[in-house]
Amino acid sequence: MLMTGKRSHVKDIGRAIVTATKPEDLDALRFWAQKMLDIRASNFSAFEKSKRAIAASIDKKVLAPILNVVWREMKRVGWEERSLPAKMAMSAAAAALTLSGQGAGIAALGGAIGVPLFVVFGAGGALAGVIIEEIRRKK
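This is the structure in structure tokens:
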């Protein structure tokens, strides 16, 4: 079970995702979140759940606001709260990845696959519920 502080953080992220989504895309986002919860609750194998979650997440208008908020949070936690030596090491690693050619595409693909799998297999089920609740509240 999530602790109160973590639950509040999940609500904040869910609200940020809904806010970052264009009004005309809210129904698609709500449908996606419900689909993730349905896949999570299904009796399919882990492999089949993975395939279905990724296939349901190919819609750019759904994934773009989610990735935007996720990247912003990762930047805050992974960069802004780090020491100077840690920032230098991360900068060197990012430069090496970017200069190696397809780094940006790999990073984007990782997020596009990681988010639905987090919702289906990780603690992201609460996030999907918050997204649905916030969209209902907004309408």
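Everything in the sequence shown is counted per full-length UniProt numbering, starting at 1 for the first residue and increasing by one.
All C-beta atoms, glycine included, are put in the ideal place defined by N, C-alpha and C.
Since we're looking at a predicted model, the values are computed, not measured.
With DSSP run on the structure shown, which of helix, strand or coil describes residue 138? helix
Using only the alpha-carbon positions, how far apart do residue 11 and residue 72 sit? 15 Å
Nearest neighbour of residue 34, chosen from 20, 57, 21 and 47 [CA to CA]: Per the Cα distances, 57.
How many angstroms separate the CA atom of residue 45 from the CA atom of residue 51? Between the alpha carbons of residue 45 and residue 51 lies a distance of about 10 Å.
Within the same chain, show all residues whose beta-carbon is closer than 8 Å to that of residue 59, passing over the 5 residues directly before and after it, in chain order. For residue 59, where only same-chain residues beyond five positions count, the Cβ hits under 8 Å are 28 and 32.
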